[in-house]
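**Q** In my numbering, the protein residues as written are 1 to 690. The following block contains the structure, expressed as structure tokens.
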């Protein structure tokens, strides 16, 4: 693994480079010198250059100091200087002219895949250059002749090889199609080595190689020849993983393979076969004829072609992966275009990366309305997932449900937002509420008529008897009590019916939950001296947004019912807590939080037959009230977006649970404990129950 000195003050730059090439390069980050001028960089590089293989200069961190860093590096610090990579943002682009030809300068804004390819290619080619230097040293070392000098390969031209290495880097970074890139590669090898015939064979199926590009090979051979990985050249290079020359076949190959290898070399007009490997699997073979000058191949030349071919293989692999990714992206885009849910993707630069067809329809072509954008950017900044938050688009009657989640991808954060059109759903809910209200008003009217008739009948009977029995004191007392009772009953009935006489409009405001409960207990249970009240307030939510008057009315109804169920005294317990995930069917507490209120009594309880109907109008099991209290409670709680659950054990007491969202304009999802139903639950008495 190579060691790289990374001169930067940016943790982001270090993280990105590590993600790109960290498997092959170990980065040693150092902060740029604080002093102005070249001296600080001279001291820095004098300490580190002999210990590292690569130096990376982050131009964005160095800014104007990039000039001093580049001057210092260009000086002759070491006999064998390391490779130098300069990350060059536009602000320091003028310093580009200072970079020597064998440095790599990377422009700002290069795509991630291209940056990875550029860095990998440069570092690999620098490694090849180092090996070529070694070959040059060996080839130019004087050796005393022991006899007539045999024909020897010429020493490699190091400058020509360096030019070739630069050319391969430029070639692989061009935006050329596959066949054109292969032809350019063969042209490069031909010009570099000086051979007359070349053929590049790539996989076709699982066990065959076909000619993908050729130069100087007969057309019929190029079209029809296939090398098998089970025999001949294909099997040999796959098994041995090394270069094979035609002259070596008789002594290297097995007797069974030698004739076929010889025929394949003959057909291709080749003297050398160079293998290409990817993930330890044979990924291709390059065959080359002898040099046009008649000189033999030098070892350094074979090694160079092997490394050039490896770079080509990596480029082909990258293109294959890019094509697969592009296919997957097209498939995903096609799927997203047809899903019935709007999908919006926003990055950490607040740029819209994707807006599918349904999202464009819901937003009426607007890229990102402010209210939708606020939700997405909130998730982007906090990382907290938002589920089904309702927003209304300005200037329209359209309501949307927005859900958003943040992901980390390709070194950046993105938020995926899902949009659902609630306009039709809310219209249906409003229609259902209106239908329910009409049904309720019909029942109220019928019951009101019935109650009034009953009251009038009692009063009428006593009125008819009044002339005859007026002198009877007992009759007058009974008459007075009956009229007073019926009038009070009708008055209470009319007062409760006023609740249903007009739409329930809520005026929400932040309210402390403890204050609401304390006031409800004081007004509804203050005079019940025989009832012991215990309060367990454990909620952490400081305030809830409710209509103070309406919510206190609902809580007073519940407390009053509890007190009236304990005429001989008992215990009233009020518990509060923040709602937990297991309170909801989807296992998630709504955005903004929710509170759970429990009001428990040790009273009479409710019978099995009566319990499912206790929230229906005029349902009562006692001789007090008119049976509208829990109906009103249910209306108020549900209009706040909450849920009401009643759990009762006959003869043991009743627990009323209210779940309320902490924020306005939210509606709780169904609870895991069947809280979505207005129908209460019932338990039979159990021995030892409290």
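From the three backbone atoms N, C-alpha and C, an ideal C-beta is built for every residue, glycine too.
Under a Cβ-count criterion, where at least 16 other Cβ atoms within 10 Å of its own Cβ denotes burial, should residue 6 be classed as buried or exposed?
**A** Buried is the call here.
**Q** How many Å lie between residue 311 and residue 340 at the Cα?
**A** Rounded to the nearest angstrom, the two C-alpha atoms are 45 Å apart.
**Q** Exposed or buried, residue 232, counting other C-beta atoms within 10 Å across all chains shown (16 or more means buried)?
**A** Under this definition residue 232 is a buried residue.
**Q** Return the first residue and the last residue of the beta strand (DSSP E) that residue 105 is part of.
**A** Counting along the chain, the beta strand (DSSP E) containing residue 105 begins and ends at 104-107.
**Q** Quick check on the DSSP output: what are the complete beta strand (DSSP E) runs of length 3 or more inside the segment 12-100, in order along the chain?
**A** DSSP runs (the beta strand (DSSP E)) wholly in the segment 12-100: 25-30, 54-58 and 83-88.
**Q** At a cut of 8 Å, does the segment 267-276 reach the segment 235-248 through at least three beta carbon pairs?
**A** Contact holds: three or more Cβ-Cβ distances are below 8 Å.
**Q** For residue 479, count the other beta carbons within 10 Å of its own beta carbon; 16 or more makes it buried, fewer makes it exposed. Which is it?
**A** By the 10 Å Cβ count, residue 479 comes out buried.
**Q** From residue 120 to residue 112, what does the alpha carbon distance come to, in whole angstroms?
**A** One C-alpha to the other measures close to 12 Å.
**Q** In three-state DSSP terms, what is residue 342?
**A** Residue 342 falls in the strand class under three-state DSSP.
**Q** So, helix, strand or coil for residue 403, using DSSP?
**A** Residue state, collapsed to three classes: strand.
**Q** Tell me whether residue 32 is buried or exposed, calling it buried when 16 or more other Cβ atoms sit within 10 Å of its Cβ.
**A** So residue 32 counts as buried.
**Q** Which term fits residue 605, buried or exposed, when burial requires 16 or more other beta carbons within 10 angstroms of its beta carbon?
**A** The residue in question, residue 605, is buried, as its Cβ has 16 or more Cβ neighbours within 10 Å.
**Q** Going by CA-CA distance only, name the one from 314, 317 and 73 that's closest to residue 82.
**A** Minimum Cα distance to residue 82 is reached at 73.
**Q** What is the rounded straight-line gap between the Cα of residue 167 and the Cα of residue 292?
**A** Each residue's alpha carbon lies about 22 Å from the other.
**Q** Quick check on DSSP: helix, strand or coil for residue 555?
**A** Here residue 555 sits in helix by DSSP.
**Q** Contact between the segment 348-366 and the segment 217-227: three or more CB pairs below 8 Å?
**A** Too few Cβ pairs lie closer than 8 Å, so no.
**Q** Who are the near neighbours of residue 308 in its chain, counting only those whose CB is closer than 6 Å to its CB and skipping five residues on each side?
**A** The answer, listed in chain order, is 168.
**Q** Would you identify the three-state DSSP class for residue 351, choosing helix, strand or coil?
**A** Coil.
**Q** The alpha helix (DSSP H) with residue 370 in it runs from where to where?
**A** Here the alpha helix (DSSP H) through residue 370 covers 370-382.
**Q** Answer with buried or exposed for residue 382, where buried requires no fewer than 16 other C-beta atoms within 10 angstroms of its C-beta.
**A** By the 10 Å Cβ count, residue 382 comes out exposed.
**Q** Going by other Cβ atoms of all chains shown within 10 Å of its Cβ, with 16 needed for buried, is residue 512 buried or exposed?
**A** Classification of residue 512: exposed, given that the 10 Å Cβ count is below 16.
**Q** Just to confirm, are residue 198 and residue 209 a CB contact at a threshold of 8 Å?
**A** No, Cβ-Cβ distance for residue 198 and residue 209 is not below 8 Å.
**Q** To the nearest whole angstrom, what separates the beta carbons of residue 603 and residue 554, a pair I think is in contact under 8 Å?
**A** 19 Å between Cβ atoms; not a contact.
**Q** Just list the residues that DSSP pairs residue 545 with in beta bridges.
**A** Answer by DSSP bridge pairing, in chain order: 510.
**Q** Whole-angstrom Cβ separation of residue 200 and residue 171, contact assumed at under 8 Å?
**A** Contact flag wrong, Cβ pair sits at about 14 Å.
**Q** Can you give me the C-alpha to C-alpha distance between residue 147 and residue 262, rounded to a whole angstrom?
**A** Summary for residue 147: the model assigns pLDDT 41, below 50, so the residue's position carries little reliability; its value from the coordinates is reported in the next sentence. Their backbone Cα atoms lie some 33 Å apart in a straight line.
**Q** For residue 468 and residue 486, I'd like the C-alpha separation in whole angstroms.
**A** Cα to Cα, the separation comes out at about 22 Å.
**Q** Excluding sequence positions up to five away, which residues of its chain have a Cβ less than 8 Å from the Cβ of residue 362?
**A** Answer for residue 362: 342, 398, 400, 419 and 421, listed in chain order.
**Q** Under DSSP, the alpha helix (DSSP H) around residue 581 begins and ends at which residues?
**A** Unbroken run through residue 581: none, as it is neither H nor E.
**Q** Measuring straight from C-alpha to C-alpha, what distance separates residue 10 and residue 593?
**A** Near 38 Å, if we compare the C-alpha coordinates of residue 593 and residue 10.
**Q** According to the neighbour-count rule (16 or more other Cβ atoms, all chains shown, within 10 Å of its Cβ), is residue 661 buried or exposed?
**A** Classification of residue 661: buried, given that the 10 Å Cβ count is 16 or more.
**Q** Buried or exposed for residue 369, going by 16 or more other Cβ atoms inside 10 Å?
**A** Flag for residue 369 reads buried.
**Q** What three-state label does DSSP hand residue 477 in the structure shown?
**A** Of the three classes helix, strand and coil, the one that applies to residue 477 here is helix, per DSSP.
**Q** Can you tell me which residues form a DSSP beta bridge with residue 537?
**A** In DSSP, residue 537 forms a bridge with 576.
**Q** Kindly indicate the opening and closing residues of the beta strand (DSSP E) around residue 214.
**A** It spans 208-215 - the beta strand (DSSP E) in which residue 214 sits, taken as one unbroken run.
**Q** Got a sec? Which residues, its chain only, sit under 7 Å from residue 116 by beta carbon, not counting five neighbours each side?
**A** For residue 116, where only same-chain residues beyond five positions count, the Cβ hits under 7 Å are 20 and 21.
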